[in-house]
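Numbering (full-length UniProt numbering), first residue to last: 1 to 387.
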């Protein structure tokens with residue numbers, strides 16, 4: 001049977017994160033600081049909206065692009081939060097999570113051999129989605145010294161005549177880095193000179209601390225050449241509802257809808273009704289969760305500094321990306337030993353690209369109680385391996 005399978009798919013590696021956590025799930029009393037999802041339940045009023053939709057018999061297909069009411073709510077929400085205007089009729093598509101939106105955008109844009117510039121360390125799905133769309137992945141390796149921010153000279157050096165797309169992912173997973181307005185503005189001459197299309201993954205845009213998220217789509221000349229990826233999983237604690245969306249030029253969205261209609265028809269109807277409630281009434285929930293994350297962020301950063309574990313202070317998402325090179329262990333060895341010896345699960349940095357070697361990702365989407373106990377365990381672990 002194997003010879004009948006797609007070589008393109010077989011050449012891809014499965015997610016190292018998932019394999020690692022399958023192993024972690026077999027160990028009792030593990031404190032998991034690895035999974036990239038909120039530890040909060042979906043707010044009750046949002047759940048109630050989903051329950052009401054179910055009880056009202058709203059269990060049929062929606063339009064391919066998503067409920068018109070939801071697209072209108074997304075348009076209003078985006079305008080309120082960013083000042084950007086998108087027509088709900090033809091510039092918004094509702095997808096099965098933000099990951100599907102990324103996949104659709106790449107497939108709608110790429111011809112075989114087109115190059116896609118993306119950032120490492122970065123979200124694990126970018127590389128495989130580029131390959132599955134017959135694109136050529138071109139990573140830019142970000143550095144701790146630059147606070148994992150993309151510099152225009154790095155972008156210029158990565159561009160070739162075959163470059164078509166740049167994927168920007170800020171606030172960043174796994175580093176927690178952000179790009180402020182002036183950082184993004186510095187990229188514009190390069191982007192526009194080489195006529196690049198930008199896929200801006202802003203799934204963590206609501207989760208920033210001490211800085212305001214800036215969308216590159218709002219900068220001069222960028223609206224028509226940017227596709228924004230967003231969703232409900234991170235900001236509204238709705239990971240299991242599987243709902244995301246994309247915003248962009250109507251010609252781009254039209255092609256994304258075409259692929260979407262043949263692949264999945266529409267996003268889950270019940271989830272869409274719940275998402276309307278989130279868009280219209282969820283600002284307070286976001287603020288409460290953000291305040292809690294910020295408290296945990298400050299605690300964990302302080303503790304990592306106290307333990308002498310080098311880590312720049314993240315300003316977004318809910319991750320820290322400490323440098324563990326002093327211990328003479330690879331990222332995978334460090335994470336595996338920490339899991340087996342102290343029952344704390346973190347993610348090896350090389351899961352997010354080669355330049356993630358020498359780092360681990362720690363999620364602070366966990367209770368303060370669990371974070372405090374995890375710090376105690378990590379402290380014991382470091383004392384054994386520190387030379």
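Ideal placement from N, C-alpha and C gives every residue a C-beta, glycine not left out.
- In this structure, DSSP gives residue 37 a state outside helix and strand, which the three-state scheme calls coil.
- In this model, residue 142 and residue 325 are separated by some 17 Å (Cα to Cα).
- Non-local C-beta neighbours of residue 261 in its own chain, meaning closer than 8 Å and more than five positions away in sequence, comprise 64, ordered along the chain.
- By the beta-carbon neighbour count (other beta carbons within 10 angstroms, threshold 16), residue 27 is exposed.
- Residue 141: member of the beta strand (DSSP E) spanning 136 to 141, first to last residue.
- When DSSP states are grouped into helix, strand and coil, residue 323 belongs to the strand group.
- Contact check between the segment 343 to 361 and the segment 203 to 212: fewer than three CB pairs, one atom from each, fall below 8 Å, which does not count as touching.
- Cα atoms of residue 252 and residue 356: separation of roughly 33 Å, rounded to the nearest angstrom.
- Around residue 361, the same chain offers 174, 319, 321 and 347 as residues with beta carbons nearer than 6 Å, after the five sequence neighbours per side are excluded.
- Residue 20 has no beta-bridge partner at all, per DSSP.
- Straight-line spacing of the CA atoms in residue 133 and residue 115 works out to 11 Å.
- Rounded to the nearest whole angstrom, the CA to CA distance from residue 376 to residue 186 is 42 Å.
- By the criterion of a C-beta distance shorter than 8 Å, residue 150 is surrounded in its chain by 119, 140, 142, 168, 179, 183 and 187, once the five residues flanking it on both sides are discounted.
- Assignment of alpha helix (DSSP H) within the segment 137 to 192, counting only whole runs of 4 or more residues, yields 152 to 158 in chain order.
- In this structure, residue 199 sits away from residue 159, with a CB-CB distance that is not shorter than 7 Å.
- The closest CA to that of residue 236, considering only 203, 367, 259 and 218, is found on 203.
- The beta carbon of residue 335 sits closer than 8 Å to those of 20, 345, 346, 347, 348 and 360, all from its chain and outside the five residues before and after it, given in chain order.
- Residue 72 is positioned such that its CB atom lies no closer than 7 Å to that of residue 273.
- For residue 107, the closest of 369, 256, 37 and 191 by C-alpha to C-alpha distance is 256.
- The beta carbons of residue 317 and residue 171 sit closer together than 7 Å.
- When only Cα atoms are considered, residue 312 and residue 121 end up about 15 Å apart.
- Straight-line spacing of the CA atoms in residue 225 and residue 217 works out to 8 Å.
- DSSP links residue 348 through a beta bridge to 360.
- DSSP places residue 203 outside any alpha helix (DSSP H), giving it a letter other than H or E.
- In terms of Cβ geometry, residue 250 and residue 90 form a close pair [threshold 7 Å].
- Residue 333 counts as exposed, since fewer than 16 other C-beta atoms from the protein chains shown sit within 10 angstroms of its C-beta.
- In terms of Cα proximity to residue 374, the closest of 358, 383, 384 and 342 is 342.
- Counted as a single uninterrupted DSSP element, the beta strand (DSSP E) harbouring residue 115 occupies residues 115 to 120.
- Around the Cβ of residue 103, a 10 Å sphere holds 16 or more other Cβ atoms; the residue is buried.
- Where residue 307 is concerned, there is no enclosing beta strand (DSSP E), because DSSP gives it neither an H nor an E.
- Within the model, the alpha-carbon separation for residue 266 versus residue 239 is close to 17 Å.
- DSSP places residue 27 outside both helix and strand once states are collapsed to three, so it counts as coil.
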